[in-house]
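Here the protein sequences come in this chain order: A and B. Per our numbering: the first sequence = residues 27 to 148. Per our numbering: the second sequence = residues 896 to 1009. One structure below.
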Amino acid sequence: EVQLVESGGGLVQPGRSLRLSCTASGFTFGDYAMSWFRQAPGKGLEWVGFIRSKAYGGTTEYAASVKGRFTISRDDSKSIAYLQMNSLKTEDTAVYYCTRGGGYDDSPFDYWGQGTLVTVSS
Amino acid sequence: DVVMTQSPLSLPVTLGQPASISCRSSQSLVYSDGNTYLNWFQQRPGQSPRRLIYKVSNRDSGVPDRFSGSGSGTDFTLKISRVEAEDVGVYYCMQGTHWPPSITFGQGTRLEIK
């Protein structure tokens, strides 16, 4: 069974950093791209970024709202995707979800984690 | 960025009746590989999003066959043939064709039981 479990959320002050983890199981992690999305309280869904599999260079893409502040990485040996968030702003407050796949996959975003809440506040 | 416009934004439906949600994109969603990367997601209250339909009309495993997706180019539709209580939630369309710069979602349609 495919499972994605996000962790690392919490309360953080503006300007500080936080790293989220997405631990995957039930599939060959290294074969897949991984994506991050977020949802501010009471709002809709927003794409954050994406990391390709190593077979496609392991390169990343980001939404304009987080580019230069957020970094996605992966550790295929541990089946974990990371979202490093720096220079956090109050508007980054949201539930953050990781998903399997992305790009022009045959079946992108087919599995989602339960989400982890990040609250940016002084 | 490609703008995705859903309608209606609120959808009260009687149990057992059909429902339909429209999603329009500001540009054609046909990619150079011939595929159209238009997906539909359901988010039940308090839950994570769940993909229902991918590439316009492919229903995910475990999704009841009362859900169907259709459309082409810039106009897409999610239909529920007979609404059940478990269908309450917010439905989002999402385009994955034109990115970067960004994958984009519709505003969401809130389905409720009348």
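Positions of the beta carbon are idealized from the N, C-alpha and C atoms, including for glycine. A quick note: this is a predicted structure, and the numbers were derived from the prediction, not measured.
Any C-beta of chain B under 8 Å from that of A/F135:
yes
Taking buried to mean at least 16 other C-beta atoms within 10 Å of its own C-beta, is B/G966 buried or exposed?
buried
Beta-carbon neighbours of A/W138, restricted to chain B and to distances below 9 Å
F936, S943, P944, R945 and R946
Would you kindly work out how many angstroms separate the C-alpha atoms of A/F63 and B/T900, rounded to a whole number?
19 Å
Is there a Cβ of chain A sitting closer than 8 Å to that of B/I998, yes or no?
yes
State the DSSP-derived secondary structure class of A/T125, mapped to helix, strand or coil.
strand
With H, G and I counted as helix, E and B as strand and the rest as coil, what does DSSP make of A/K80?
The answer is helix: DSSP assigns A/K80 an H, G or I state.
Below-8 Å beta-carbon distance, B/G1003 vs any chain A residue:
yes
B/Q990 - containing beta strand (DSSP E), residue span
Here the beta strand (DSSP E) through B/Q990 covers G984 to Q990.
Opposite B/E1007 in the DSSP bridges: which residues?
B/P907
Okay, do the segment 117-127 of chain A and the segment 917-935 of chain B touch, 3+ Cβ pairs below 8 Å being the bar?
no
For A/L150, return the contacting residues in chain B, with the cut-off set at a CB-CB distance below 7 Å.
Because chain A here runs from 27 to 148, residue 150 of chain A falls outside it and cannot be looked at.
Proximity test, Cβ basis, 8 Å: A/E27 and chain B
So no, A/E27 is outside the interface.
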